[in-house]
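Peer 1: Counting in our numbering, the sequence shown runs from 39 upward without gaps.
Backbone N, C-alpha and C define an ideal beta-carbon position, used for all residues, glycine too.
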Amino acid sequence: MEYITRGPCGQDSCRERKYYLDNGLTFCRRGHLQAGQQIEEDPDDFGNQGKTHKVKHEKEAKSRRTARGRQAGTLLLQGYQLILWKQCHALIHEHGFPEQFEGVVRDLWALRLQGLARKINQSAADEDQESETEVFSSQASPSDTDESDNYSFKANSRFIEWPRLIDAVAMCYLAAVLMRLPVCIYDFRRLIVRQEITYIRALRYVPEQIKNRLPPEFKVILSIKKIPKIHYMHLAVRDNAVFYQRKFGIELPPLNAPLILYRHIKRLGVPIDVYEIAKALQNLLGFEFTYPDTLPDQKQMQWLHLPEVQVVVLIVMATKLLFPFDDLERHPITALEPATQGMDWEKWLQAQRNFDSQNNPDGILGKEKIIGVTERDVFRMKPEQLDMYMDWYEKSWLTKTTSKNSLADMFPLSGPQNQDSLSSNNNPPASQPKADENELLDDMGRTVTKSIFPIPPIPREEGKRPPRPGMWFQRYRWESSLPKAPRYFYKLAAQLGCVSLPYLVRLVARAEWRVSEWQNNQRRTDYIEHGRESDEEEEEEPFWGDEGDFNDIDDLPAQLSGLDVEGA
Numbered sequence: 039m040e041y042i043t044r045g046p047c048g049q050d051s052c053r054e055r056k057y058y059l060d061n062g063l064t065f066c067r068r069g070h071l072q073a074g075q076q077i078e079e080d081p082d083d084f085g086n087q088g089k090t091h092k093v094k095h096e097k098e099a100k101s102r103r104t105a106r107g108r109q110a111g112t113l114l115l116q117g118y119q120l121i122l123w124k125q126c127h128a129l130i131h132e133h134g135f136p137e138q139f140e141g142v143v144r145d146l147w148a149l150r151l152q153g154l155a156r157k158i159n160q161s162a163a164d165e166d167q168e169s170e171t172e173v174f175s176s177q178a179s180p181s182d183t184d185e186s187d188n189y190s191f192k193a194n195s196r197f198i199e200w201p202r203l204i205d206a207v208a209m210c211y212l213a214a215v216l217m218r219l220p221v222c223i224y225d226f227r228r229l230i231v232r233q234e235i236t237y238i239r240a241l242r243y244v245p246e247q248i249k250n251r252l253p254p255e256f257k258v259i260l261s262i263k264k265i266p267k268i269h270y271m272h273l274a275v276r277d278n279a280v281f282y283q284r285k286f287g288i289e290l291p292p293l294n295a296p297l298i299l300y301r302h303i304k305r306l307g308v309p310i311d312v313y314e315i316a317k318a319l320q321n322l323l324g325f326e327f328t329y330p331d332t333l334p335d336q337k338q339m340q341w342l343h344l345p346e347v348q349v350v351v352l353i354v355m356a357t358k359l360l361f362p363f364d365d366l367e368r369h370p371i372t373a374l375e376p377a378t379q380g381m382d383w384e385k386w387l388q389a390q391r392n393f394d395s396q397n398n399p400d401g402i403l404g405k406e407k408i409i410g411v412t413e414r415d416v417f418r419m420k421p422e423q424l425d426m427y428m429d430w431y432e433k434s435w436l437t438k439t440t441s442k443n444s445l446a447d448m449f450p451l452s453g454p455q456n457q458d459s460l461s462s463n464n465n466p467p468a469s470q471p472k473a474d475e476n477e478l479l480d481d482m483g484r485t486v487t488k489s490i491f492p493i494p495p496i497p498r499e500e501g502k503r504p505p506r507p508g509m510w511f512q513r514y515r516w517e518s519s520l521p522k523a524p525r526y527f528y529k530l531a532a533q534l535g536c537v538s539l540p541y542l543v544r545l546v547a548r549a550e551w552r553v554s555e556w557q558n559n560q561r562r563t564d565y566i567e568h569g570r571e572s573d574e575e576e577e578e579e580p581f582w583g584d585e586g587d588f589n590d591i592d593d594l595p596a597q598l599s600g601l602d603v604e605g606a
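1. With 16 other CB atoms within 10 Å as the buried threshold, where does residue 200 fall?
2. If residue 308 sits next to residue 361, beta carbons under 8 angstroms apart, how far is it from one beta carbon to the other, in whole angstroms?
3. Would you call the region 131 to 142 in contact with the region 267 to 276, where contact means no fewer than 3 C-beta pairs closer than 8 angstroms?
4. If contact is defined by three or more beta carbon pairs under 8 angstroms, each pair taking one atom from either stretch, is the region 483 to 502 in contact with the region 374 to 388?
5. If you draw a straight line from the alpha carbon of residue 261 to that of residue 238, how long is it in whole angstroms?
6. Can you tell me whether residue 205 is buried or exposed? The criterion is at least 16 other CB atoms within 10 Å of its CB, across all chains shown.
7. Below 8 angstroms, can you find three or more Cβ-Cβ pairs linking the region 281 to 293 to the region 317 to 324?
8. Can you pull the DSSP bridge partners for residue 65?
9. Which class does residue 448 belong to by DSSP, given the choice of helix, strand or coil?
10. For residue 208, which of 111, 280, 58 and 434 has the nearest alpha-carbon?
11. Beta carbon of residue 350, beta carbon of residue 479: below 7 angstroms?
12. Following the continuous beta strand (DSSP E) through residue 490, name the residue where it begins and the one where it ends.
13. With 16 other CB atoms within 10 Å as the buried threshold, where does residue 494 fall?
14. Please classify residue 233: does DSSP put it in a helix, a strand, or coil?
15. Keeping to the same chain, check which residues put their C-beta closer than 8 angstroms to that of residue 531; ignore five residues upstream and five downstream.
16. DSSP state of residue 379, grouped into three classes?
17. Check whether the region 290 to 297 touches the region 213 to 222, taking contact to mean three or more Cβ pairs, one atom from each stretch, closer than 8 angstroms.
18. Between which residues of its own chain and residue 212 is the CB-CB distance below 8 angstroms, once the five residues before and five after are set aside?
19. Taking just the CA atoms, how far does residue 248 sit from residue 103?
20. In chain order, which continuous runs of the alpha helix (DSSP H) of length 4 or greater are located wholly inside the region 222 to 304?
21. At the level of alpha carbons, what is the spacing between residue 377 and residue 395?
22. By Cβ distance, which residues of its chain are closer than 7 angstroms to residue 150, with the 5 residues on each side in sequence left out?
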């Protein structure tokens with residue numbers, strides 16, 4: 039019996055696609071009569087006297103081109119796993135991660151697959167339109183919504199929460215935390231921006247056999263075209279950390295704070311003395327550099343609970359205590375205190391700008407800026423820069439397909455490798471090869487070190503009250519109140535912590551307020567236990583007053599030199 043293949047039957051939820059004719063009536067293979075379709079012979083159709091012979095070919099049973107249900111979910115997970123492997127491969131072979139890193143990521147992915155496999159099996163029998171709508175409604179892309187509720191895992195939800203590409207980056211970061219590697223969220227976001235790991239338009243790396251059968255709602259998950267916002271990175275890492283800790287009991291260790299502090303201090307170009315003060319403030323504020331195992335009750339994210347934000351806040355506070363941004367010299371009491379040196383912030387600012395110009399000689403066509411090129415930037419490009427941009431665009435956005443258009447063959451696209459070889463043979467290079475970033479950081483550190491000058495100590499004497507470290511120290515509450523050098527410093531610290539500049543200013547002010555509360559409690563306790571010892575103490579004000587200034591902190595243990603405040 040010959041069958042005709044067309045759309046689904048639809049009667050009584052029948053999904054049959056093959057039909058046959060019987061006495062002029064059309065039936066599906068399951069016997070449902072198709073209404074409104076009847077074929078009759080025309081008695082007057084006598085003009086066709088010849089015979090028509092057709093070569094009959096066996097029709098192969100073709101499955102639907104677009105997969106649905108469990109099959110579509112399996113294809114999505116296969117493509118996602120390939121992208122995750124490519125990210126691990128790039129981190130290990132191009133960026134120096136240890137070989138054991140891939141095994142840790144594989145274990146985290148296997149744990150994530152357990153919950154997904156169970157939910158996929160539960161919905162295996164539901165392939166009707168209702169189940170398809172239900173799966174589609176569960177998707178949430180970081181570029182589509184700003185609601186933070188979509189970023190937390192709901193283990194008891196009946197909807198299938200498919201993993202996002204940003205979750206793959208979060209798994210790689212958590213694997214680095216488990217291995218105590220000194221890497222930061224800033225490093226992973228920088229790799230994404232520079233397109234050194236698979237993220238932007240990752241769908242192009244998926245094999246055609248999988249890509250062609252994925253439904254549109256699944257292709258969106260793998261075809262992200264935007265750089266993730268900084269708070270999305272923190273949200274994804276936090277949610278994955280809570281998920282693995284609560285569901286599987288994984289204990290995440292604290293960050294490798296000593297090396298991360300050293301890396302940030304070196305990039306900020308401040309002396310290493312900041313490290314000791316940062317460690318002292320950590321103990322005073324109670325920062326543990328660990329991710330929480332529960333989500334906050336408030337809808338607004340608690341930024342000061344994130345370990346990497348805590349690291350940056352401590353560095354900013356320690357730098358402000360040791361090397362204030364103003365020109366007022368604060369004399370220590372003895373030469374043993376760390377605040378016996380000052381720094382010229384104007385020279386620091388000039389050294390930072392020199393570092394930026396040498397580290398990014400291509401200007402707007404640097405690896406970290408080329409993806410954000412706008413129409414205005416195009417009008418300022420040189421011919422060599424236009425060629426570089428078009429090569430990058432061809433490599434990143436165009437697919438390698440053969441065109442059958444003869445007109446298009448008259449204007450072939452030269453590959454980036456061919457274009458580079460032509461430009462190297464015929465034209466001078468657009469820019470000199472840039473130096474190693476570590477060498478530039480060392481040069482910047484030496485330049486800043488030369489700008490450090492000593493501050494002579496003045497012992498405590500009767501009737502003399504010179505400015506001491508911590509006195510009249512400006513507390514910035516808003517971004518608009520930052521002068522030129524502090525703004526650049528805060529902005530660079532915000533980039534390292536993957537937090538916006540206004541948020542960092544408020545977080546530092548909040549941490550300073552907590553230290554001032556601790557200072558007031560200490561003074562209140564001393565007053566109750568020992569009373570006022572001298573008239574000098576009666577004139578002292580809170581550590582960080584309401585007027586935004588730091589006052590005398592002589593009664594802090596070791597005068598905030600660092601090292602005895604652990605017991606506070």
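Peer 2: Well, looking at it:
1. Counting other Cβ atoms within 10 Å of its Cβ, residue 200 reaches 16 or more and is therefore classed as buried.
2. That belief holds up - the Cβ atoms of residue 308 and residue 361 are roughly 7 angstroms apart, short of 8 angstroms.
3. Result no; under three Cβ-Cβ pairs closer than 8 angstroms.
4. These segments touch.
5. Distance between the alpha carbons of residue 261 and residue 238: 7 angstroms.
6. Flag for residue 205 reads buried.
7. Two segments are said to touch when three or more pairs of C-beta atoms, one from each, lie closer than 8 angstroms; by this definition the region 281 to 293 does not touch the region 317 to 324.
8. Beta-bridge pairing by DSSP links residue 65 to 58 and 71.
9. Coil at residue 448, not helix or strand.
10. Nearest C-alpha to residue 208: 280.
11. Pairing residue 350 with residue 479 gives a Cβ-Cβ distance that is not under 7 angstroms.
12. Unbroken beta strand (DSSP E) run through residue 490: 490 to 492.
13. Under a 10 Å Cβ-count criterion, residue 494 is classified as exposed, with fewer than 16 other Cβ atoms of the shown protein chains found around its own Cβ.
14. Reduced to three states, the DSSP call for residue 233 is coil.
15. Result list for residue 531: 302, 306, 350, 353, 354 and 542, in chain order.
16. Here residue 379 carries a strand assignment [DSSP, helix/strand/coil].
17. When Cβ pairs closer than 8 angstroms are counted between the two stretches, the region 290 to 297 is seen to touch the region 213 to 222, the count reaching three or more.
18. These residues qualify, in order along the chain: 146, 275, 278, 279, 282 and 290.
19. One C-alpha to the other measures close to 10 angstroms.
20. Within the region 222 to 304, the runs of alpha helix (DSSP H) that reach at least 4 residues and sit entirely inside it are, in chain order, 223 to 231, 246 to 249, 254 to 260 and 268 to 286.
21. In this structure, the alpha-carbon of residue 377 lies about 32 angstroms from that of residue 395.
22. Exclusion of the five residues before and after residue 150 leaves 201 as the residues of its chain whose Cβ lies within less than 7 angstroms of its Cβ.
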